[in-house]
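Asker:
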Amino acid sequence: MKPITLFTLVLTATVLMASFYMINASRVQSVPEALACNASEQNDIVLYSAVWCGYCKQTKQLLAKHNVNYCEYDIERSAEGYEQFKMLGGQAVPLLQFNGSTIHGYNKSLIENHIRNQ
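First residue of the sequence shown? That's 2 in our numbering, and the numbers climb one at a time after it.
(1) Where E8 and D45 are concerned, what is the direct C-alpha to C-alpha distance, given to the nearest angstrom?
(2) For Y74 versus V47, is the C-beta spacing smaller than 9 Å?
(3) F99: which of N108, Y83, M88 and I116 sits nearest, CA to CA?
(4) Quick test of your reading: L64 and Y56, contact by CB under 8 Å. State the CB separation rounded to the nearest angstrom.
(5) Considering only the alpha carbon of each residue, which of M88, V94 and S110 lies closest to H67?
(6) Measure from the alpha carbon of G82 to the alpha carbon of each residue in C38, M18, L10 and P4, then state which is nearest.
(7) With H115 as the anchor, note down where its alpha helix (DSSP H) starts and where it stops.
(8) Which of helix, strand or coil does DSSP assign to Q98?
Take a look at the structure:
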């Protein structure tokens, strides 16, 4: 195969992949930002999450849909958040501390039940 042909194929593949990425990136729903948790404050609802976590994004969207105020720890960027996460028995994100109750994972019906009963 000639170098020019190989270059053309690689360039075409790169452009196609970039186009695909851009099209899909424009379809991603925005996720509302939470307040960063402040250790000196008592927070009723705390979300322990990670940037890459899809279920964390769904949890944030669900809380926003119901206009629930909460604060958030990114356990990969906050040593304090990670410590609390571990103390709560956290093994995976999301973990939601909801008025003293701990919800492990994304469980839409359980989260909505806590929202209704708050």
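Note that CB positions come from ideal geometry on N, CA and C, so glycine has one too. Treat the numbers as computed from the prediction; the structure is a model and nothing was measured.
Answerer: Taking the definition as stated:
(1) Correcting the residue type first, residue 8 is Phe in the shown sequence and not Glu. Cα-Cα distance, rounded: 57 Å.
(2) Yes, the Cβ-Cβ distance between Y74 and V47 is below 9 Å.
(3) I116
(4) For a cut-off of 8 Å, the C-beta gap from L64 to Y56 is around 13 Å, too long to register as a contact.
(5) S110
(6) C38
(7) Here the alpha helix (DSSP H) through H115 covers K109 to R117.
(8) DSSP places Q98 within a strand segment (E or B) once states are collapsed to three.
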